[in-house]
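452 is the number of the first residue of the sequence shown in this note's numbering; add one for each residue after it. Report on the structure given below.
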Amino acid sequence: MSDFDTLIGLVSQYSRSGSERGAVEWLVERMKSLGYDESFIDEAGNAVGVMGKGEKQVVLLGHIDTVAGEISVREENGILYGRGSVDAKGPLACFVDAVAQVGVKDDWQFVVIGAVEEERDSEGARFVVNQYKPNFAIIGEPNHWDRIALGYKGSAWANVIVKRAQNHTASGEETAAEVAVDIWLKIKAYVNGFNKDKKRVFDQLLLTLRGIDSSQDGFEQTATLKVGVRLPAEVSPEDWYKKLSEIVGDANVEKTGFAIPAWACEKNTQLVRSFLSGIRSQGGEPRFVYKTGTADLNIVTPVWKCPAVVYGPGDSALDHTPNEHIELEEYQKSVVVLSETLKKLTSPAQ
């Protein structure tokens, strides 16, 4: 049996969001073969594996779905290519293998979850958040084997809709599209002012114009700005929507999708200290990172209110790219790091 059977097998199961069932079934069977006490598919379609029956609980939450775009799975010179090898089947497979290596620990229970729909609306995480009350949570995302992520930005999406009466092009009246452009410039000016004294990207508003549409029906003109923003911890989605409404004046702000607040984890915890020890055990120099994207961390940790970190092998710069790949040596190191971390975290001396 290879040290990489879980990783290669899972990556070989192409599972874009909404079509994860085959990969979920494969992973459930894999966890059974690795000696998990239980492995099953929950009501949301997540793959769940349980090791141990103790009262204290560590939940290791990864996601099993990927973005669309199948990549031929192949191994070349110690590198595994394939969709999801980095985001985020590498981290999820690491969770599965590490827990299998640690096995049953007195008084503890490990729960490994391969959640569905993370790349869309995080339906899998939204389900499990009310199913467990862990003492510690580890979220699976790629940040390299020797780094721990302690924060992810929030996000909020909206359509800004401008309506104006239809007029003749020679009237000199502003069109809805022209007003929309002015509004966009005002939004951008506000964001630039907010960010002026913020040195860390994690503390900034990151604004994007995702699209602009215009139409007319002979009576009325409509222009729509599709505005997205990544939020720092100090700005809640509600704060952003309120400010956006102030900026756009008589235009309408239509919220779209799920708004998610940013989340920053505590640094001085038993969980973090255990990870630092685990990384150093493999000759690494631990580093903390704060990410500009969002993750299932943002959804579960505000409810669980327990020490949490984000961990996983792989280079996040390769997320969603046609060249997605992971170094097998890095994967192997991450499994050892996580195994050592879990042993230390659950040892009686802690």
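Yeah, the Cβ is synthetic: ideal placement off N, Cα and C, and Gly gets one too. Remember, predicted model here, so these are calculated numbers, not experimental data.
Nearest to residue 587 (by Cα), restricted to the options 761, 460, 671
761
Collapsed DSSP secondary structure at residue 471 in the structure displayed:
Secondary structure at residue 471: coil, using DSSP grouped into helix, strand and coil.
Among the residues of its own chain, which have a CB less than 6 Å from the CB of residue 559, if the five just before and after it don't count?
Same-chain partners within the cutoff: 503, 505, 507, 797.
Classify residue 749: buried if its beta carbon has 16 or more other beta carbons within 10 angstroms, exposed otherwise.
buried
Shorter than 8 Å from the beta carbon of residue 615 to some beta carbon of chain B?
Protein chains in the displayed structure number just one, and chain B is not present.
Nearest CA to the CA of residue 700: which residue from 638, 468, 535, 572?
638
Using 8 Å for Cβ pairs, my map puts residue 763 next to residue 594. What's the rounded Cβ distance?
6 Å
Taking 7 Å as the limit between beta carbons, can you name the residues of its chain near residue 635, skipping five residues before and five after?
Taken in chain order, the residues that qualify are 660, 676.
Assuming residue 673 is part of the beta strand (DSSP E), what are its boundary residues?
671 to 682
How big is the Cα-Cα spacing for residue 555 and residue 458?
22 Å
Quick check on residue 463: does DSSP put it in helix, strand or coil?
coil
Go ahead and pull the three-state DSSP assignment for residue 729.
In the three-state scheme derived from DSSP, where H, G and I count as helix and E and B as strand, residue 729 is classed as helix.
With DSSP collapsed to three states, give me the class of residue 751.
helix
Test item: CB-CB of residue 710 and residue 603 under 8 Å:
no
In chain order, what residues of the same chain have a beta carbon less than 6 Å from the beta carbon of residue 608, not counting five sequence neighbours either side?
679, 707, 708
Return the Cβ separation of residue 648 and residue 683 in integer angstroms, given the expectation that the two are a contact with Cβ distance under 8 Å.
Residue 648 to residue 683, Cβ: 12 Å. No contact.
Whole runs of the alpha helix (DSSP H) within the segment 467 to 533, excluding any shorter than 4 residues
472 to 484
Cutting at 6 Å between CB atoms, please list the residues of its own chain near residue 467, excluding the five before and the five after it.
Taken in chain order, the residues that qualify are 517, 519.
Is it the case that the Cβ atoms of residue 540 and residue 462 are separated by a distance below 8 Å?
yes
Span separating the alpha-carbon of residue 664 from that of residue 625
16 Å
Touching by the beta-carbon criterion (3+ pairs, under 8 Å), the segment 727 to 745 and the segment 784 to 795
yes
Leaving out five residues before and five after residue 477 in sequence, what residues of the same chain have Cβ atoms less than 8 Å from its Cβ?
460, 461, 464
Could you round the C-beta distance between residue 511 and residue 550 to whole angstroms and report it? I think they count as a contact, below 8 Å.
That pair is a contact at about 7 Å.
Going by the DSSP bridge assignment, what does residue 588 pair with across the sheet?
DSSP lists 510, 759 as the bridge partner or partners of residue 588.
Taking residue 640 as the reference, which of 672, 627, 657 has the closest Cα?
Considering only alpha carbons, the answer is 657.
Any chance the segment 526 to 545 sits against the segment 770 to 778, with 3 or more Cβ pairs inside 8 Å?
yes
Neighbour-count burial assignment, residue 561, 16 or more Cβ in a 10 Å radius
buried
Among 598, 509, 652, 473, the one whose alpha carbon lies nearest that of residue 605
652
Is it the case that the Cβ atoms of residue 688 and residue 717 are separated by a distance below 8 Å?
no
Kindly give me the distance between the Cβ atoms of residue 746 and residue 590, rounded to whole angstroms, as I take these residues to be in contact under 8 Å.
With a contact defined as Cβ atoms closer than 8 Å, residue 746 and residue 590 qualify at about 6 Å.
Just how far apart, CA to CA, sit residue 752 and residue 579?
11 Å
So if DSSP puts residue 606 in a beta bridge, which residue, or which two residues, is it bridged to?
681, 711
According to DSSP, is residue 656 part of a helix, a strand, or is it coil?
In this structure, residue 656 counts as coil in the three-state DSSP scheme.
Per DSSP, what kind of secondary structure is residue 802 in: helix, strand or coil?
There is no way to answer for residue 802, as the model of the chain reaches only from 452 to 801.
Check residue 739 in the structure and name its three-state DSSP category.
Judged by DSSP in its simplified three-state form, residue 739 adopts strand.
Going straight from the alpha carbon of residue 694 to that of residue 570, what length do you get?
28 Å
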